[in-house]
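What follows is a single structure, written as structure tokens, with notes after it.
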């Protein structure tokens, strides 16, 4: 008797061992192996990552594979466009598989705006090498030189119109079982020559979205599936002392699991699972936890090592101490940002199912391969025995990196003998997910009498290093960041450190401009060290109708105007804000102009959506979003208590996209957010003369 | 779609009329309309977002009016005509509001979109040519966390310029 062979994930096999053709049918496969990580970038201590493969099948379709995932940021369409471009295929003939750990290339995760520069580049290279092979196959079939073959819409055609002969890609690869590696000489089509990418295109999957047919993890259902719930501590820092499972176990069809700190229940329906959770009797040991009112002092008193060593920088240029001591003008201010929540519209959802000792988990994860490793460790099974599939996901914003819920679902599925789905309630999403870290940032600056900066000391506490570096010319700099021991769970968030650091720096620049009576726009342009950023700033100022004048204004108008810039993750952003402060101190944001440049634009409509949406999401964090907490308890874990932007919060917004086909494409999901808060704070100062240095700026809707 | 005579039909305590089809369901008090639609009828286009009527992801049409199904006990809507996002298409043909959302590229993660579309259908059925302020006010109960509000606004405005009524209806 033999047991069926274990299906090994592709990334655990060498390219020639992978059963491409068993899974995908006959055809041509082209592989770009995983690449060594950038020695200065994300995951530099990790294994080679990324790469891509493309399968061209007998049906003439290209199936491309990446380990990145789509959680609403639009990369499925943008990456598919890059493949379609290289292969001269209609978008509908490209199928992109993202983040399926059985068949996708290993990937460290979808974060840090790396999908376009990494996966985009890898897929372009792979598809470009595929194009070369298609040309060779076509030339042989048609009996001409490769230079005499043109590719168009899935057809290879001999050049020379009257006697042109054609063959479809599907015919060219009929019966093939050929695997090729991408040669180092491969050159993708330069963006100025693009005919599909960079052009208007509808996002893929729209029909499923508008008809309700799109199945998110929380919509998936398997035969016999049960519903899981997890017993969570009532407050951060609480430890389970004792739990009595008997009440839940007495309910019909209920399975309970208590393993280590994990206590969960599963029942045949959602209401049964809720009843079972309620029937658990638990005692908790609590220890006093810091509260919101003392948090700044607490963070200052609790520096931490920082697990994410790559995110700690200590940079020095010149002698900042001496420059500060001798500067005629000095300024020392502190800026803070609150803990805020991701609030994905689809709460965390997982579905776990065991078959023949192998586990499959469907989950909205931004790190499916890390989730595979996490499940493997927690359950004591080899990584090859775990498959993670990432279905369409109802947004992430950096909030869907953890695998603990999947571990719980896997345990409940094993114990019950049924597939188990767990979906967080909204309250669980607020209390059990991690938050964007709170930041405390100190800036000490020195300048000549005319405002020319001579010294810049920037100390970030607890946010991270992103956007901490200066886009301005300053001869003496000391820039560093220090992790802290946070009382609340904190981790990745869309533009997390960049939002905090940019708010601090761009507010401080405005304060310096006001100190010497300079115009905020001219003051920035005078110091900017980056021509691309200066171009974005000028474009935004022109669109906004910025009138150069000293700051602060000699009289206080009700309306104020502010401007700010940001340079992070390869993108350049500038935001202009116009606000009105009414007689009752109510703040109204009237107009925002965001300009953004991230190299060659791949999918203009989606980039516009990212910049518009990012601008509005950032406005929430700038004006009113904040997690309130006391002694380990989250005080506002509901959408009725935690305010996110709605239609009535949206001001007039103009977006300027600066296309640079001569430059590599960078991500657009994060950097567009980072100049909004300082632009608004600067506009409030312009209107009122009051400098606000803490986010959110107007939690109750009014300003001092 | 949502024939007006639906409310005049005799009320069947155990029947729920969804997308023109009567379904026998238990009318237990603790079941929300959202629960019955998703878990018993398998109509997963209607989404859970908050469970307290704050986000609009769960909106469906009840007698032509957008209603938050997560806070609606199923017993309250027995015998009335319910339309979910799955019931909005006419065979293969998309409702004009659905088409407008596609044409405007009005989605990012897409999770809020069924609720957004039904809120828009409800608005446009009652006020075919709303001003921008009226659209914002009518849809303020629907949250898009991707903050795709400008594209959604564009979609509703596009739809308002088309006929949102069945062919033959007077404008």
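Protein chains in written order, with my numbering: chain W, 1 to 704; chain R, 705 to 875.
Yeah, the Cβ is synthetic: ideal placement off N, Cα and C, and Gly gets one too.
- Per DSSP, the unbroken alpha helix (DSSP H) holding residue 523 of chain W starts and ends at 520-527.
- In the DSSP annotation of this structure, residue 247 of chain W is not part of any beta strand (DSSP E); the continuous alpha helix (DSSP H) holding it starts and ends at 246-249.
- Along the segment 827-863 of chain R, the alpha helix (DSSP H) occurs as fully enclosed runs of 4 or more residues at 836-842, listed in sequence order.
- Between residue 700 of chain W and residue 291 of chain W, the CB-CB gap reaches or exceeds 7 Å.
- Taking a contact as a CB-CB distance under 8 Å, the pair residue 757 of chain R and residue 772 of chain R counts as one, their CB atoms being some 4 Å apart.
- Counting along the chain, residue 295 of chain W sits inside the alpha helix (DSSP H) bounded by residues 295-301.
- Taking the Cβ atoms as the reference, residue 426 of chain W lies roughly 6 Å from residue 639 of chain W, within the contact range of under 8 Å.
- Around the beta carbon of residue 19 of chain W, fewer than 16 other beta carbons lie within 10 angstroms, which makes this residue exposed.
- Sequence-ordered contacts of the segment 759-788 of chain R with chain W read 759, 761 and 788 [C-beta pairs closer than 8 Å].
- Residues of chain W with a Cβ closer than 8 Å to the Cβ of residue 794 of chain R do not exist; the shortest Cβ-Cβ separation is about 11 Å.
- Within the same chain, and ignoring the five residues on either side of residue 666 of chain W in sequence, the residues whose Cβ sits closer than 8 Å to its Cβ are 113, 116, 117, 569, 570, 571, 598 and 599.
- Contact with chain W is found for residue 743 of chain R, since one of that chain's Cβ atoms lies less than 7 Å from the residue's Cβ.
- Secondary structure at residue 127 of chain W: helix, using DSSP grouped into helix, strand and coil.
- In the DSSP annotation of this structure, the continuous segment of the beta strand (DSSP E) that includes residue 478 of chain W starts and ends at 476-482.
- Of the candidates W:679, W:476, W:47 and W:654, W:654 places its Cα closest to the Cα of residue 854 of chain R.
- Nearest to residue 779 of chain R by C-alpha distance, out of R:834, R:741 and R:861, is R:741.
- Check the Cα spacing between residue 769 of chain R and each of R:806, R:775 and R:785: the tightest is with R:785.
- Excluding sequence positions up to five before and after residue 220 of chain W, its CB lies within less than 8 Å of the CB of 351, 362, 391 and 421, all in the same chain and listed in chain order.
- Here the C-alpha atom of residue 239 of chain W lies approximately 5 Å from the C-alpha atom of residue 285 of chain W.
- With a threshold of 7 Å between beta carbons, residue 605 of chain W makes contact with chain R.
- Across the set W:698, W:430 and W:181, the C-alpha of W:430 shows the shortest separation from the C-alpha of residue 341 of chain W.
- With respect to the C-alpha of residue 738 of chain R, the residue from R:802, R:759 and R:750 having the closest C-alpha is R:750.
- Going by beta carbons, residue 498 of chain W and residue 466 of chain W fall inside the 7 Å limit.
- Only 638, 639, 640, 644, 645, 646, 647, 648, 650 and 653 from the segment 630-659 of chain W bring a Cβ to less than 7 Å from some Cβ of chain R.
- The C-alpha of residue 812 of chain R lies about 15 Å from the C-alpha of residue 343 of chain W.
- Using a Cβ-Cβ distance cut-off of 8 Å, the segment 190-197 of chain W and the segment 125-136 of chain W are not in contact, since fewer than three pairs of beta carbons, one from each stretch, lie closer than that value.
- In the displayed model, residue 728 of chain R falls within a strand according to three-state DSSP.
- For residue 367 of chain W, the secondary structure class from DSSP, reduced to helix, strand or coil, is coil.
- For residue 456 of chain W, the beta-bridge partners assigned by DSSP are W:445 and W:477.
- Sequence-distant Cβ neighbours of residue 819 of chain R in its own chain, meaning closer than 6 Å and more than five residues away, are 760, 761, 763 and 846.
- Among the residues of chain R, those whose CB is under 9 Å from the CB of residue 344 of chain W are 813, 815 and 849, following chain order.
- Against chain R, the beta carbon of residue 612 of chain W has neighbours under 9 Å at 851, 852, 853, 854 and 855, listed in chain order.
- If one requires a minimum length of 4 residues, the alpha helix (DSSP H) runs lying completely within the segment 56-111 of chain W are 75-87, in chain order.
- Take residue 395 of chain W, set aside five residues on each side of it, and the residues of its chain with a beta-carbon closer than 7 Å to its own are 71, 72, 344, 345 and 346, in chain order.
- Cβ proximity to chain R below 8 Å picks out 209, 210, 211, 212, 213, 214, 215, 216, 218, 219 and 221 from the segment 209-229 of chain W.
- For residue 107 of chain W, there are no C-beta contacts with chain R under 7 Å, since the nearest C-beta of that chain is about 20 Å from it.
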